[in-house]
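Numbering (the numbering used here), first residue to last: 288 to 477.
C-beta atoms are modelled at their ideal positions from N, C-alpha and C, and glycine is treated no differently.
Just so it is clear, the structure is predicted and the values come from calculations on it, not from any experiment.
A short write-up of the structure that comes next.
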């Protein structure tokens with residue numbers, strides 16, 4: 288078998304998982320897509336895994352109960368591990384609401400390859416950004432387990448990086464993430 292180290296050598300990058308966590312509407316998907324674009328321009332191979340997309344596909348059989356949320360993140364962590372073994376940088380955008388759930392993902396992926404990025408946006412701002420009307424439906428009792436309203440969100444205690452989206456442009460936020468990860472993912476002259 289070809290090792291992940293050999294694949295990383297071929298791709299000239301160190302594979303990691305950048306795990307963006309935060310409330311719905313915090314800006315995780317926007318940051319993930321902008322980060323992927325920037326890394327692609329720098330000749331890095333990435334894959335974005337986004338909560339909405341994954342729940343329409345591989346995890347379409349899961350709901351939002353506590354057990355289903357755990358299983359959703361477990362599956363994503365296992366997929367991320369496969370990407371790592373292929374030498375690919377995974378950019379994950381998931382609410383992943385509890386510290387235990389994120390620790391489970393870190394344990395599956397491996398602590399040295401898991402970069403937790405807390406997209407720290409106040410709930411009031413998230414509600415204003417909510418184009419799908421999810422917060423409104425949750426507050427009306429139509430989404431009883433919606434994170435931040437009917438279910439808790441536990442902010443990370445010691446994330447590798449915290450990004451405040453209020454008062455910063457997308458480019459400024461992406462550049463902060465790049466500044467942190469570039470020394471980790473860079474191999475040789477890339």
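- Between residue 303 and residue 362, the CB-CB gap reaches or exceeds 8 Å.
- Check the Cα spacing between residue 320 and each of 450, 380, 406 and 412: the tightest is with 380.
- By the neighbour-count definition (other C-beta atoms within 10 Å, threshold 16), residue 356 is a buried residue.
- Counting only runs of at least 4 residues, the stretch 417 to 467 fully encloses the following alpha helix (DSSP H) elements, listed from N- to C-terminal order: 421 to 426.
- Cβ contact annotation for residue 344 (same chain, cutoff 6 Å, sequence separation greater than five): none.
- Within the stretch 324 to 395, the runs of beta strand (DSSP E) that reach at least 3 residues and sit entirely inside it are, in chain order, 333 to 337 and 376 to 380.
- Membership of residue 297 in the alpha helix (DSSP H) is indicated by the continuous run 291 to 298.
- Counting along the chain, the unbroken beta strand (DSSP E) around residue 402 starts and ends at 401 to 407.
- Membership of residue 305 in the beta strand (DSSP E) is indicated by the continuous run 304 to 308.
- Distance from the CA of residue 460 to the CA of residue 448, rounded to the nearest whole angstrom, comes to 11 Å.
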